[in-house]
Amino acid sequence: MTDLKELSRNLIEDAAGGEDVDVLIDRYFAEDFVEHEPVPGMDNTRETPRQMFNMLRSAFPDLRFRVQDVLQDGDKVVARYSMAGTHKADFLGVPASGNEIDVNVIDILQFRDDKCIAHWGVTDTLTMMTQMGAIDAPG
Numbered sequence: 000m001t002d003l004k005e006l007s008r009n010l011i012e013d014a015a016g017g018e019d020v021d022v023l024i025d026r027y028f029a030e031d032f033v034e035h036e037p038v039p040g041m042d043n044t045r046e047t048p049r050q051m052f053n054m055l056r057s058a059f060p061d062l063r064f065r066v067q068d069v070l071q072d073g074d075k076v077v078a079r080y081s082m083a084g085t086h087k088a089d090f091l092g093v094p095a096s097g098n099e100i101d102v103n104v105i106d107i108l109q110f111r112d113d114k115c116i117a118h119w120g121v122t123d124t125l126t127m128m129t130q131m132g133a134i135d136a137p138g
């Protein structure tokens, strides 16, 4: 049996860059994958991570993911990590600022036959938008 914690860690770290996104999608995501984290303008299929990885890599060419925790319960894995990079191109309607971002992410990934079949996630979008200069810092 595959170590789903290691598989999840590899998926997250590989998503940051290097290999072609289409290769990553084929390696890690099932054909019937379902996305449960709402992303503006995207559907809930296997196309969502493909589009998101491409958008992130374009907007943050030095994108880095630092995994802090990976927990497993049956066929589900919870990963807590940080996402960092320099905002060099438009991202979710926010023009390039040149600012550094460093935000927290928590993902739940569900697997079947070593492929991700579902994703639920929470990204600290308020901090990201503040760091990109799209909104003023709260307080």
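Numbering (numbering that gives the first Met the number 0), first residue to last: 0 to 138.
Beta carbons: idealized from backbone N, C-alpha and C, even for Gly.
The structure displayed is predicted, hence computed values, not measured ones.
Asked	Found
Of the residues Val69, Ala78, Glu18, Met82, the one placed nearest Ala58, counting alpha carbons only	Met82
Check whether Arg79 and Asp68 have beta carbons under 7 Å apart	yes
Segment limits, alpha helix (DSSP H) that includes Ser57	46–58
Option nearest Lys4 by Cα separation, candidates Asn53, Asp113, Ala133, Asp123	Asp113
Opening and closing residue of the alpha helix (DSSP H) in which Lys4 lies	3–14
Glu99 classed as buried or exposed, judged by whether at least 16 other C-beta atoms fall within 10 angstroms	exposed
His118 - partner residues in DSSP beta bridges	Glu34, Leu108
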